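In this note's numbering, the protein residues as written are 1 to 650.
Backbone N, C-alpha and C fix where the C-beta goes; we use that ideal spot for every residue, glycine too.
Here the structure is a predicted model, which means the values were calculated and not measured.
Only one structure is covered here, and it is reproduced in the block below.
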């Protein structure tokens, strides 16, 4: 009777608690369902088979990365390097297979081995070097990204055709990336739930000291855990590069944050000891659904970031509530016995760092007494063929004029570029050439150079709220008008088009958009279905165009503010490109001209970027010498089509 009474009381009092527990334990799945319902209600184009497969494709890379990060987080670690390792692995594959003739199968093995090696280094630094996972993987993030840039020389490398099929579909409808994601998810679930190392992850995350005292070889297990994370990062990099048909050294930049967010949203605890592959998959799908749905709803890219940030914060808050409600144990801290070894490790790292810096200074310090003028060229990125060509033209002119030219790559980071400009100023350079990541953000650093009486030349994009001696640029407004006229005339003056905009805040994006609008005024029969930013990036061009196709399957033309976005749009369009849908790009990059030759890109408004670099150096030297320079130097643009592409030299 007492037992019955106890059972009845527990059931009566625990009904609400049971529901609460159910929601807490399945919060991610509940959120995904609510999100699917909301997006379906807000957009009639969302809940279709094609669009849901599209969501799966866009979730694939993040999910594969996140499966690997799940192993690390379950064991109470963190891995910030997976995005960079993914880019490095893909670069190694493309570089070895295309530039050095390595058989594709062996190149794939090398790519996976690269991921394993990076993971083993992370594991060694953490397990044996006693470095915090955050610091060790942060260092690998920088090293892997740097190696990727060194190997590729800052330019995308064409991916082998046999591997590029990973970005295609089976039977014309089932995306291969989704299949790869499912397979990798099943492997992750098997490892976590059915293997010795999986049980070790939970043991280490729950209480590392207790796991060690129970006989578990924690250090070796950590090596294996981070190596597994590297394998999954390599797989993600290969899938991403396959979707783009090229390995780009800056690919997957920031994806590590999405991967960690997916794991946390999926229910894993940052304190370790909990987490599962299915939850991680749900977390990745939530992020993909958000981005996809917000694109379909034409929500500003800025607000998209705000929404996703709020979702991540709420997920961490839910994790905190869940741990309090369920009294999830937190791994005990380790003892202080390893402090001496840590001190030795840090001391050794400091010695090595000083030695490397000293050696580098020695190697590059021999020419410090040169009397040649010193000019600094701050480029927004070298991960774009257009800017690589600007660099080539500038270097050739600098060599011709006897100028010492220093080139920096901001990697599309406005803060990093500001630091580089400040370094040029404080180092007393004779002149500075800047290609702003953001026209407004470059203003303060350029004003500091003005105050130091250092002439500044802007190239391709202007600088806002600061004085520059001259702006060397193509006439972006006229070029935009040409692009609009070209696609409108190809469509016979009537048709439906979409516009892929450049990076907000830059003069190039603003002026080209102005030109598009002016050019279309003469063609009232052309209907602009949508305009969305893709930030001058091929990956974003692919994803944004894929999303826009769901809402506007009847599109007949695309105007892209640069060739990289146009190439991404072509990949999304597939067989439609150059046939039922005409795409016009901007810049005349080598990849863009190849697409023109192949007939997938109808035309490109070519800017002659090498000429931009040459004229910028020439004007910077004249400004330093006190000679008069024009306030604006416009480099003419021309429309390159299939009939005249052979005679265009760039």
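When we look at the beta-carbon of residue 417 and count the other beta-carbons within 10 Å, is it buried (16 or more) or exposed?
For the purposes of this step, residue 417 is taken as the residue at position 417 of the chain shown. Buried, because 16 or more other Cβ atoms sit within 10 Å of the Cβ of residue 417.
Spatial neighbours of residue 144 in its chain, beta-carbon cut-off 8 Å, leaving aside the 5 residues before and after
Translated into the one-based positions of the chain shown, residue 144 becomes position 144. The answer, listed in chain order, is 81, 84, 85, 87, 88 and 118.
Taking only heavy atoms of the ligand ZN into account, decide whether any of them is closer than 7 Å to the Cβ of residue 292.
No copy of the ligand ZN occurs in the structure displayed, which carries no ligand at all.
Indicate the three-state DSSP secondary structure (helix, strand or coil) for residue 533 in the structure shown.
Taking the first residue of the chain shown as 1, we reach residue 533 at position 533. It is a strand residue.
Which residues in the same chain have their Cβ closer than 7 Å to the Cβ of residue 729, if we skip the five residues on either side of it in sequence?
Coverage of the chain is limited to positions 1 through 650, which leaves residue 729 absent and any answer about it impossible.
Could you check what DSSP says for residue 587 in three-state terms: helix, strand or coil?
Locating residue 587 in the chain shown gives position 587, counting from the first residue. It is a strand residue.
Under the three-state DSSP convention, the category residue 381 falls into:
Counting from 1 along the chain shown, the entry for residue 381 is found at position 381. When secondary structure is reduced to three states using DSSP, residue 381 falls in the coil class, being assigned neither helix nor strand.
Is residue 411 helix, strand or coil by DSSP?
By 1-based counting over the chain shown, the position of residue 411 is 411. For residue 411, the three-state secondary structure derived from DSSP is coil.
Look up residue 439 in the DSSP assignment and say whether it is helix, strand or coil.
Position 439 of the chain shown, counted from the start, is the residue given in the question as residue 439. Residue state, collapsed to three classes: coil.
For a test of the three-state rule: what should DSSP assign to residue 221, helix, strand or coil?
Locating residue 221 in the chain shown gives position 221, counting from the first residue. Helix, per DSSP.
8 Å Cβ cutoff met for residue 226 and residue 72
Here residue 226 refers to the residue found at position 226 of the chain shown. Here residue 72 refers to the residue found at position 72 of the chain shown. Contact: yes.
Which word fits residue 303, buried or exposed, when buried means at least 16 other C-beta atoms lie within 10 angstroms of its C-beta?
The residue labelled residue 303 in the question sits at position 303 within the chain shown. Burial is judged here by how many other beta carbons sit within 10 angstroms of a residue's own beta carbon; residue 303 has fewer than 16 and is exposed.
Span separating the alpha-carbon of residue 549 from that of residue 65:
By one-based count along the chain shown, residue 549 stands at place 549. By one-based count along the chain shown, residue 65 stands at place 65. Those two C-alpha atoms are separated by around 27 Å.
Please look up how many angstroms separate the CB atoms of residue 43 and residue 297, rounded, as I've assumed it's under 8 Å.
Residue mapping note: residue 43 aligns to position 43 of the chain shown, counting from 1. Residue mapping note: residue 297 aligns to position 297 of the chain shown, counting from 1. At roughly 6 Å, the Cβ-Cβ gap stays under 8 Å, so residue 43 and residue 297 are in contact.
Could you spell out where the beta strand (DSSP E) holding residue 496 opens and where it closes?
Start at 1 with the first residue of the chain shown, and residue 496 comes out as number 496. Note, residue 496: beta strand (DSSP E), 495-501.
Residue 631, buried or exposed, once every other Cβ within 10 Å from all chains shown has been counted against 16:
The sequence position of residue 631 within the chain shown is 631, counting from 1. Burial call: exposed.
What's the C-alpha gap between residue 251 and residue 122?
Numbered from 1 along the chain shown, position 251 holds the residue referred to as residue 251. Numbered from 1 along the chain shown, position 122 holds the residue referred to as residue 122. Each residue's alpha carbon lies about 21 Å from the other.
Are the Cβ atoms of residue 586 and residue 605 separated by less than 8 Å?
The count along the chain shown starts at 1 and reaches residue 586 at position 586. The count along the chain shown starts at 1 and reaches residue 605 at position 605. Residue 586 places its beta carbon less than 8 Å from that of residue 605.
Please look up how many angstroms separate the CB atoms of residue 515 and residue 480, rounded, as I've assumed it's under 8 Å.
Taking the chain shown and counting its residues from 1, the one referred to as residue 515 is at position 515. Taking the chain shown and counting its residues from 1, the one referred to as residue 480 is at position 480. Their Cβ separation, rounded to whole angstroms, is 2 Å, which keeps residue 515 and residue 480 in contact under 8 Å.
My guess is that residue 292 and residue 457 are in contact by the Cβ rule of under 8 Å, so how many angstroms apart are they, rounded?
By 1-based counting over the chain shown, the position of residue 292 is 292. By 1-based counting over the chain shown, the position of residue 457 is 457. At roughly 42 Å, the Cβ-Cβ gap does not stay under 8 Å, so residue 292 and residue 457 are not in contact.
Starting from residue 474, follow its DSSP beta bridges and name the residues at the other end.
If you number the chain shown from 1, residue 474 lands on position 474. Looking at the DSSP output, residue 474 bridges to 635.
Take residue 565 as the anchor and find which of 592, 513, 92 and 106 has the nearest alpha-carbon.
The residue you call residue 565 lines up with position 565 of the chain shown. Residue 592 is the option with its Cα nearest to residue 565.
What separation, rounded to the nearest whole angstrom, lies between the Cα atoms of residue 213 and residue 539?
Numbered from 1 along the chain shown, position 213 holds the residue referred to as residue 213. Numbered from 1 along the chain shown, position 539 holds the residue referred to as residue 539. Each residue's CA atom was taken as its position, placing residue 213 and residue 539 some 48 Å apart.
Below 8 Å, how does it come out for the segment 127-146 and the segment 266-276: are there three or more Cβ pairs, yes or no?
Touching, no.
In this structure, does DSSP put residue 557 in helix, strand or coil?
The count along the chain shown starts at 1 and reaches residue 557 at position 557. Here residue 557 sits in strand by DSSP.
Grouping DSSP H, G and I as helix and E and B as strand, with all else coil, what is residue 126?
Taking the first residue of the chain shown as 1, we reach residue 126 at position 126. In this structure, residue 126 counts as helix in the three-state DSSP scheme.
Applying the criterion that 16 or more other CB atoms from any shown protein chain within 10 Å of the CB defines a buried residue, is residue 533 buried or exposed?
For the purposes of this step, residue 533 is identified with residue 533 of the chain shown, where counting begins at 1. Looking at its Cβ environment, which holds 16 or more other Cβ atoms inside 10 Å, residue 533 is buried.
Say whether the segment 33-52 touches the segment 201-210, bearing in mind that this needs 3 or more beta-carbon pairs closer than 8 Å, one atom from each stretch.
As far as the Cβ criterion goes, the segment 33-52 does not touch the segment 201-210, which means the pair count is below three.
Residue 412 versus residue 68 - alpha carbon distance
Position 412 of the chain shown, counting from 1, holds the residue named residue 412. Position 68 of the chain shown, counting from 1, holds the residue named residue 68. The C-alpha of residue 68 is placed about 27 Å away from the C-alpha of residue 412.
Please report the residue range of the beta strand (DSSP E) in which residue 606 lies.
Taking the chain shown and counting its residues from 1, the one referred to as residue 606 is at position 606. Its beta strand (DSSP E) spans residues 603-606.
Work out the CA separation of residue 401 and residue 518 for me, nearest whole Å.
Here residue 518 corresponds to residue number 518 of the chain shown, with the count starting at 1. Here residue 401 corresponds to residue number 401 of the chain shown, with the count starting at 1. The straight-line gap from Cα to Cα measures roughly 40 Å.
Would you call residue 208 buried or exposed, if buried means 16 or more other Cβ atoms sit within 10 Å of its Cβ?
Locating residue 208 in the chain shown gives position 208, where the first residue counts as 1. Buried, since its Cβ has 16 or more Cβ neighbours within 10 Å.
Based on Cα-Cα distance, which residue from 407, 443, 435 and 436 lies nearest to residue 705?
There is no way to answer for residue 705, as the model of the chain reaches only from 1 to 650.
Consult DSSP for residue 376 and reduce its assignment to one of helix, strand or coil.
Your numbering for residue 376 matches position 376 in the chain shown. In this structure, residue 376 counts as strand in the three-state DSSP scheme.
Taking the alpha-carbon positions, what's the residue 236 to residue 524 distance?
Your numbering for residue 236 matches position 236 in the chain shown. Your numbering for residue 524 matches position 524 in the chain shown. Using only the alpha carbons, I get a separation of about 45 Å.
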